[in-house]
Every structure is written in structure tokens, then in C-alpha cells.
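Novice: Heads up: the sequence shown runs through residues 72 to 455, numbered per the working numbering. Glycine included, every Cβ here is placed at the ideal spot set by N, Cα and C.
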Amino acid sequence: MVDSDRLLSAYDYNLPPERIAQFPAVPRDSSRLLVLTSPTDHAHATFHELPDLLQPGDLLVLNNTRVLPARLYGYKPSGLPVEVLLLEPQSSSPQPDADFSHRWLALVKPGRRLKPGAMIYFDPADVRQSQAGAKILHPAGVYATVLETDAATSGRIIQFEVPAQVSLKAWLYEMGRVPLPPYISETDSDPEQYQTVYADRVGAVAAPTAGLHFTPQLLEKLQAEGIHQAFVTLHVGVGTFRPVESTDITAHAMHSEWAEVSPETVALIQQTRAKGGRIIAVGTTVVRALEGASQGGTLKPFYGKTNLFIYPGYQWQVVEGLITNFHLPKSSLMMLVSALIGRERLLSLYQVAIAEQYRFYSFGDAMLILPQAVNWSESVRSVG
72 MVDSDRLLSA
82 YDYNLPPERI
92 AQFPAVPRDS
102 SRLLVLTSPT
112 DHAHATFHEL
122 PDLLQPGDLL
132 VLNNTRVLPA
142 RLYGYKPSGL
152 PVEVLLLEPQ
162 SSSPQPDADF
172 SHRWLALVKP
182 GRRLKPGAMI
192 YFDPADVRQS
202 QAGAKILHPA
212 GVYATVLETD
222 AATSGRIIQF
232 EVPAQVSLKA
242 WLYEMGRVPL
252 PPYISETDSD
262 PEQYQTVYAD
272 RVGAVAAPTA
282 GLHFTPQLLE
292 KLQAEGIHQA
302 FVTLHVGVGT
312 FRPVESTDIT
322 AHAMHSEWAE
332 VSPETVALIQ
342 QTRAKGGRII
352 AVGTTVVRAL
362 EGASQGGTLK
372 PFYGKTNLFI
382 YPGYQWQVVE
392 GLITNFHLPK
402 SSLMMLVSAL
412 IGRERLLSLY
422 QVAIAEQYRF
432 YSFGDAMLIL
442 PQAVNWSESV
452 RSVG
């Protein structure tokens, strides 16, 4: 890795605001696709052409996580509004996607004055009582207490208190909102558009956006063409979208996210490789799940948390090609893609995409990096 690849400033670019997509393409697979066909060449296509761009025997690996309605709006006892973004349950449950523990790690805004012991009300009646000067020993509705701060995320560990007749899961689905990214207007977007069509494992606070381009019809066509599909789960959390702040990117520490790579998916990958097929990851979260499950040198079933940070110079174990969106400047996602094709080429392709009026970020267009386009002189491939 050359020294410039370590600098955070080397992953910056200017994006005209009008290039930030506010809505997904309709239908989803009508989005544009920038196709990398060699280490130096690229072409323009439409996402529904994907079956013609891959080969029979290839394996697409997709992330089946589903976004939680994790954004809540509450109040301090004074009546001042508070916004809560749930990140992950704090329990030892072996199934985080099914766990609605009452204790959560959350980002709270404004959070500076919400110290341990502070209360957050979600029932307006409790707020009115509090403002009237009443000391509320037993709030009528759901409320949360701040237990401690979390230095790694600048978040808070909060404990929900729920009336006996109330299910926290049901309450969350009634009161919570899918947390769309800040550059998307919630008033103009349907939250269901921010879920993949195959999402079935609840637990993420952001969507694996490369998968938003797929339709059921496209998935069926891919399968009919001999391009198979396997699934992993990585519950997207603060580790994916937390900004890199270190001037030297190698000093950045990723926050852990929960992932599962099943024995069935491992077997499909091994079978694909044995038959000469290629492993194409759909999104950077799939990359982190597969590569995280391979850190012992061999891909094995994995069930737990990964904090793998991939940047130029990384030694690749499993992934050979990638479908990915166009990412925010200075993000860990840009660094991951740079590890596959080189930082300078990635930045050059972003300028091509801007000039060609591609749409960027979560609801934007996509890039297909074919295995033959990877510059293995810059990336490192494990052959073990």
C-alpha cells in the first residue's frame, strides 16, 4: 500500500447535491449500472441486464438483514424533544434479530445532558404530568432510563420500562420509524422502499443498499440463467456508517456488527469454487461478513460479531467480484472498494459517474466490479 492510501484526505471528492438520489428507481432494477470489465475499462448498463453480465455457475451472495423501525421520538421530563436511534440490543441472546431485549445501545440527540439516571418519556401524558410538577413514580406509558454512556459510539445504554400489558416489540413497530439516512427526506420517501425484497432477518438500522436494486423477477431470471444465490446476515449498525476521523485511516477502529455465515452458505461457496464459478458479493456488508468469517485463513461458518476494517493492502480470502453503490466521501465503504480496484481508479470512476449523471448514495445507481476487473497487483489475493 502506498503512503497516500493511508490518508483520510485521499478518499475525498466533491459531489453536486443534485446527484444525491432521493428516491429509488422504479422499477428497482431500472437503475443504472457502471460495469468494470477490466483493470482499465468500463461500460454503462442497466441493472436488469445483470444476468447478461455474469456467467452461469457464478454465485451471488446477498445480505438478508431487515431494517428495524429504530428511530423513536420522545421527551425529557421538561418536555424538550429527544430523538433516539436504537443501534443494537444489549443481551446475550444467540438470535439478535429475534431479540427485543429491554436494554439497548442507542444514539440520543441531544444527548450531552442525558447522563445516567436521566429519563426519556414516550407518552405525552407523562410529559404533561412532569411539566405540571408531579413526581412520576409510575409512568403510564413506555419510558426509558439512561444507564450509562458508551465511549466507543458516544451513545447511551438505555433501559426500556414497559407496562405489563404492552409488548415492546409491538410498541416499537407502532411507534418507531425506519431510520432513513439524513440526506433522504423522510417526508418524501416510503420507508418500505428502504428494504430489500428478500429482507427477512430483523436487526439492522440501515439497509444493505446494493441489494435495493433487485426485484423478485430479476432474482428469478438470474436463477434460471444458472446464476445462483446464497445469503448471509450482517445487521448494519454504527460500524458501517460511522465516519472515519483518523488522519491515518489505519488507526480507525470499526465498531462491531453482528453477522452470520451459515454452513449452507459456506458449502455453496465451496461448491461454486470447485466448479470454477465466481463469488460475487452484493454489497460491502456481504464482503465484511464473508471476509470476517475467513480470518482464520479458511472460510468457516460464523456466528457472532465482526469489526473487520478493509482498506488497500487487504489480503482477500473469498470475494472475487462486487456489486456496490456510490458511497460518501471519506467513508470506510470507499476504502473497502479501493482495496479491490485501487483508490485512484475508484476516484476516477466516481468522476465518470458524476459526469454521466449517475445517482449517488443509498437510493442511487450501482457499480459492478467483475472479477476480471480487479487489479490484483494493488489488491492482495490469498491462494491458500
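When DSSP builds the beta bridges, which residues end up paired with Thr377?
Specialist: Thr377 pairs with Glu328.
Novice: What does DSSP give as the partner residues of Lys180 in its beta bridges?
Specialist: Answer is Glu154.
Novice: So is Arg272 buried or exposed if we call it buried at 16+ other beta carbons inside 10 Å?
Specialist: Arg272 comes out buried.
Novice: Determine the contact status of Leu104 and Phe118, defining contact as a CB-CB distance below 8 Å.
Specialist: It is a contact, given that the beta carbons lie within the stated cut-off.
Novice: Let me confirm a value: Asn459 is counted as buried when at least 16 other C-beta atoms fall within 10 Å, else exposed. Which label applies?
Specialist: Summary: the structure shown does not reach residue 459, with the chain confined to residues 72 through 455, and so no result is reported for it.
Novice: Can you give me the C-alpha to C-alpha distance between Pro88 and Val315, rounded to a whole angstrom?
Specialist: Pro88 and Val315: Cα-Cα distance of roughly 21 Å.
Novice: Assuming Thr267 and Leu283 form a contact by the criterion Cβ under 8 Å, report the distance between their Cβ atoms to the nearest whole angstrom.
Specialist: Sure, about 6 Å apart at Cβ, within 8 Å.
Novice: Which value, in whole angstroms, describes the spacing of the CA atoms of Thr336 and Thr356?
Specialist: The alpha-carbon atoms of Thr336 and Thr356 are separated by roughly 15 Å.
Novice: Please report the residue range of the beta strand (DSSP E) in which Phe312 lies.
Specialist: Counting along the chain, Phe312 falls outside any beta strand (DSSP E), though it belongs to the alpha helix (DSSP H) covering 309-312.
Novice: In chain order, what residues of the same chain have a beta carbon less than 6 Å from the beta carbon of Glu159, not counting five sequence neighbours either side?
Specialist: Closer than 6 Å at Cβ, skipping near neighbours: Leu176, Gly308.
Novice: Pick out whichever of Pro262, Gln388, Tyr214, Val408 has its Cα sitting closest to the Cα of Arg174.
Specialist: The option with the nearest alpha carbon to Arg174 is Tyr214.
Novice: If Ile298 and Pro122 are in contact, beta carbons under 8 Å, what's the gap, nearest whole angstrom?
Specialist: 6 Å between Cβ atoms; contact.
Novice: Look up Phe94 in the DSSP assignment and say whether it is helix, strand or coil.
Specialist: Of the three classes helix, strand and coil, the one that applies to Phe94 here is coil, per DSSP.
Novice: Count the other C-beta atoms from every protein chain shown that fall within 10 angstroms of the C-beta of Phe471, then say buried if there are 16 or more, exposed otherwise.
Specialist: The structure shown has nothing for residue 471, since the chain only spans 72 to 455.
Novice: Among Gln161, Leu393, Lys147, which has the Cα closest to the Cα of Arg183?
Specialist: If we check each option's Cα against that of Arg183, Lys147 comes out closest.
Novice: Applying the criterion that 16 or more other CB atoms from any shown protein chain within 10 Å of the CB defines a buried residue, is Asp112 buried or exposed?
Specialist: That one is exposed.
Novice: Among Glu331, Phe285, Ala301, Trp329, which residue has its Cα nearest to the Cα of Ala338?
Specialist: Selected option, being the one with the closest Cα: Ala301.
Novice: In this structure, how does DSSP classify Glu362 when only helix, strand and coil are distinguished?
Specialist: Residue state, collapsed to three classes: helix.
Novice: Check whether the Cβ atoms of Gln386 and Leu370 sit closer than 8 Å, and answer yes or no.
Specialist: For Gln386 and Leu370, no; Cβs fall outside 8 Å.
Novice: Looking at the structure shown, is Glu427 part of a helix, part of a strand, or coil, going by DSSP?
Specialist: It is coil, neither helix nor strand.
Novice: Measure the C-alpha to C-alpha separation of Tyr82 and Gln428 and round it to an integer number of angstroms.
Specialist: Looking at the two C-alpha atoms, the distance is approximately 20 Å.
Novice: Can you have a look at Pro127 and say buried or exposed, based on whether 16 or more other CB atoms are within 10 angstroms of its CB?
Specialist: Exposed is the call here.
Novice: Going by the DSSP bridge assignment, what does Ile394 pair with across the sheet?
Specialist: Ile394 is bridged to Val353, Leu439.
Novice: Does DSSP put Thr117 in a helix, a strand or coil?
Specialist: The answer is strand: DSSP assigns Thr117 an E or B state.
Novice: If I measure Cβ to Cβ from Met72 and keep anything under 6 Å in the same chain, skipping five residues before and after, which residues do I get?
Specialist: Per-residue confidence for Met72 stands at a pLDDT of 49, beneath the threshold of 50, marking its modelled position as unreliable; no derived number is given.
Novice: Should Val358 be labelled buried (16 or more other beta-carbon atoms within 10 Å of its own) or exposed?
Specialist: Val358 comes out buried.
Novice: Give a yes or no on whether the C-beta atoms belonging to Ala437 and Ser80 are separated by under 8 Å.
Specialist: Contact: no.
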